[in-house]
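Below is one structure; the comments refer to it alone.
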Amino acid sequence: MNSLLEVHEVRRSYGSPPVNACDGVSLSVSRGEFVAIVGPSGSGKSTLLNLIGTLDRPDSGSVMIDGMDVSSLNDAELSGVRASLIGFVFQQFHLSPGVSALDNVADGLLYRGIPRAQRREKAREALEKVGLGHRIEHRPHQMSGGERQRVAIARALVGEPALLLADEPTGNLDSRSGDAIVSLLRELNDAGTTIIVITHDNDLAASLPRQIMIRDGRVVSDSGSEVIL
Ligand code: ADP
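So the sequence shown is numbered by my numbering: it starts at 32 and just counts up by one.
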């Protein structure tokens, strides 16, 4: 089976009266795809990404990743799935302050039972891959926004996840740094990483092979998979 992600009729509402942030979303993503999720602010994009990434649970419906129904797993099992299958990149970077780039990335492997020296070795390789081999001892406050986002991408990828989820990864960057991050994501996708990215940037979305448009918690258009099954 080539499908990496199957989202089926997923619903999630908040508060009372309820806001249907995710109102019956179904989609599937194949291995190797690079998908943009687009839509106005408040349309439910982050809610959907959090449900896909197992950071939140649906009220109903199912999320299958790599053939596993993650909606039915308990919290301990979910932590395992997250650590081994999913990498996250956020708009705000979410790096630990006062900790070197190397250790920020090595911490991405904390829940893998890998000894510290090996974690740091893999972190060094990941930082080299994102073009930051010369910045490994720098702390977040000593780096530019673009560099911080590279560290965050290295941390997301150091465990070689099947799926990379990025929520507005260029949202806090100037256009030049943002373009460099997009190029890096493309390289990673060319090398085989499946990526789903939320973006407000219409040019970025239009340049990707597939766009899924969300409005009021529903998929209103999906340009479809180009990966041949
Ligand atoms: P987007 O990412 O497209 O901006 P969100 O998924 O963040 O949209 O939000 C979708 C809707 O759900 C919005 O109306 C938002 O206010 C609401 N919402 C999201 N998260 C919460 C939450 N934790 N508590 C209450 N309402 C929320």
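All C-beta atoms in this analysis are idealised placements derived from N, C-alpha and C, irrespective of residue type, glycine included.
Residue i Cβ short of 6 Å to the ligand ADP heavy atom set
i    : result
S44  : no
S91  : no
G75  : yes
V50  : yes
T201 : no
T6   : The structure shown does not extend to residue 6, since the chain spans only 32 to 260, so no value can be given for it.
T85  : no
S72  : yes
T78  : yes
Bridge-paired residues (DSSP) for residue i
i    : result
G63  : Bridge partners of G63: none, in fact.
S44  : N51
R207 : Beta-bridge pairing links R207 to no other residue.
F121 : D198
M99  : I96
I229 : I68, D198
Where residue i sits in the DSSP three-state scheme
i    : result
E199 : coil
L194 : strand
S252 : strand
N33  : coil
Q242 : strand
V38  : strand
I184 : helix
S93  : strand
S57  : strand
I83  : helix
G139 : helix
S74  : coil
G162 : coil
A222 : coil
R88  : coil
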